[in-house]
Structures are given as C-alpha cells and as structure tokens.
Ligand SMILES: [Zn+2]
Ligand SMILES: [Zn+2]
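In this note's numbering, the protein residues as written are 39 to 395.
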C-alpha cells in the first residue's frame, strides 16, 4: 500500500500546474488521499491481524479437543421418535468407538454422516435388548458393499459381558438365510459380515493409539453382569454409566472424570409411594433417581454430568424435572441429554446440539 501511495503522490505532483489556489487545492486533495490510504492500509492490516488471531485461536481450540462424545440415543425401551435407543459414540485418537447399539443407532450415525460400515468396534454395557437390538442392523447394513453403507471389509469387533458370544451365535442362527444369501451374492467371502466377540471382565479391556477403555461393574439389579465404561485419552476422560442404580463401584471408577454420561429414572408416583405399581417399582429399583445420581456426581466431581437413558414413568420428561431435582442436592453442571447432542472434551467441554443447528 505505501508504494501505491507514493506512486500516486508523484503522479499528482507532476500534474499540479497552474494557480497558487489550484496548487493549494491539490495539496488538500493529496492530504485527504494520504489520510484515506493510511486509514485503509492500517484497517486492512488490523483486520488481517484479527483474522490471523481468530484462526490461531480456532486452531488452538481444535488441538485442545481430545475426544468427541455424541449421544446417538438417549431413550429407554419406551419407543420414542425423539429419543432413540441407548447408544453413545466416542470419537478419539482417530477411532470411532460405539457404546451400546440401541434402537435406531445406524440412523443416528447416518444423520452424523457416518456410515454403518465405518463402525468396526462396538462395546456393550449389558445384554438388555434396548442396548443390543441395533447390533444386527449395524452388522449387516455396514457389511453391504456399497458406498452409502460403508462396506465394512473386516469383522465387526464386539466387546460384551459373559453371554455375548451366545447372543451373537443365536443371531447368526436367526439370520442364517440372510447371511448365507449375502455371502453367495458377494461371490467371495464378505468378512464385514463376521463378528469377533471379546467377552470381558472388569479391568482394562482395550488399549490402542493412546486410548484406554476400562470396564467396571455397576448395579443393575438381577441383570448381571452389567458394566459401565471409562475412556481415557491424553489426560481426558468420559465415563458411561450403563444401566445402574446407585453404585459405589461406579463412583470409584468415575472419580475426577471430565464428562459422565449417566442414566436416570423418574416416576409418578415416586418409587417409595405404595400406590406405584409393582412393575414400576421393580424398574425403579435398578435404575438411578435424580437424587441418587446427585449423590454420585457429588462424589466424582465431573466437569459436566449429562443424563441419558431417560425414563419418565407416568409423566413427561419435562414434568420429571430431572435437572432441577439433581441441582437441589448437587451444585455442579448437569444437563438433560438429547439425541445428537455432542460434547467436545478439551480444556473446556464444548456442547453442541446438532438437532438445533
Ligand atoms: Zn438394562
Ligand atoms: Zn437399558
């Protein structure tokens, strides 16, 4: 910009000829031009600097993000168009890890632009159907060798509690006609249709690319075993409670986590009310009320607690007042999860709701 300015100045000086007044006017014009050019030059360099600063901040923010957690399904066995079945996606260290595959999980993945075939690692908290019914869909849909489905090339790796291999064997028996036909049509072995099961006990069940997954037992009544998971990566972590009532083992394993994805239940009347039906009573006994969850959050002190697997018996989610009831006993940050809500864990936790963007 300064070179342009001096060129202009030279040109104008050369052309100034005539009366003193004319010269004065020309000088004035030159001064105004100089002021304008200087302002323009400094403004553009200021905005360029601002742009660079913003870009640097964005890059920093992106590099701070260690893992991304997306709620694919925040519902329970109760069918709901707003809340699909239990399923949570954790994107970390370049991997996509799926925790539970409830009703409609492949549809929620597709909404994120992720094809079923891109998922090759699935972890099950327990074997209730609301956490597993999406498994055959994920397996078969993801194996279809067309781009829109992902065309998984290798076996789906499935980590689950004791009984998982049995469930998978039964599934292959139930879908024998379909699986055999697909293998025939493919004319060569379609490994994407296979499942490699890893049944686990408590402890570290996965280590790769700096990612560590710890499974720990929780208390889901007579449904045994039932697990929660903790995912650690570069000093950050997320804990998925699985289905559980108040559990000391959950507290022990979730201490100091950045983010906890926790289940919750509320009923009208309350679980201790005699008029509550026996069915509702027994369901409530192996899940967590907001008050029980508040006790857990107090002990583990997460940066953020988010409710999922939301069960409202005899009332709406709104009337259940999950967050309000929790905050009466716990003053940390609590949110009611929604399908496709995303949490980016870095120095801070950035919350995005893709349904509302
Ligand atoms: Zn369950
Ligand atoms: Zn469940």
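Ideal placement from N, C-alpha and C gives every residue a C-beta, glycine not left out. Only a predicted model underlies this, so the values are computations on that prediction, with no experimental measurement involved.
- Relative to the non-hydrogen atoms of ligand 2, the Cβ of residue 257 never comes closer than 8 Å to any of them.
- Note on the stretch 313-393: whole alpha helix (DSSP H) runs with a minimum of 4 residues are 316-323, 328-338, 355-358 and 360-365, in chain order.
- Only residues of its own chain outside the window of five on either side were considered, and among them 352 and 353 have a CB closer than 6 Å to the CB of residue 306, listed in chain order.
- According to DSSP, residue pairing for residue 135 in a beta bridge involves 128.
- From the listed residues 380, 388 and 338, the smallest Cα separation to residue 146 is found for 380.
- In terms of Cα proximity to residue 330, the closest of 314, 313, 321 and 301 is 301.
- Looking only at 182, 250, 237 and 215, the smallest Cα-Cα distance to residue 197 is reached by 237.
- Going by DSSP, residue 244 is part of the beta strand (DSSP E) stretching over 241-246.
- Residue 289 and residue 283 have their C-alpha atoms some 12 Å from each other.
- The closest heavy atom of ligand 1 lies 8 Å or more from the beta carbon of residue 300.
- If you check the C-beta of residue 264 against ligand 1, you find a heavy atom less than 8 Å away.
- Counting C-beta atoms within 10 angstroms of its own C-beta, residue 116 has fewer than 16 neighbours from the protein chains shown and is therefore classed as exposed.
- In this structure, residue 328 sits away from residue 292, with a CB-CB distance that is not shorter than 9 Å.
- Residue pairing by DSSP places residue 300 opposite 345 in a beta bridge.
- Non-local beta-carbon contacts of residue 141 in its own chain, meaning distances under 8 Å to residues more than five positions away in sequence, involve 111, 113, 117, 122, 123, 168, 171 and 172 in chain order.
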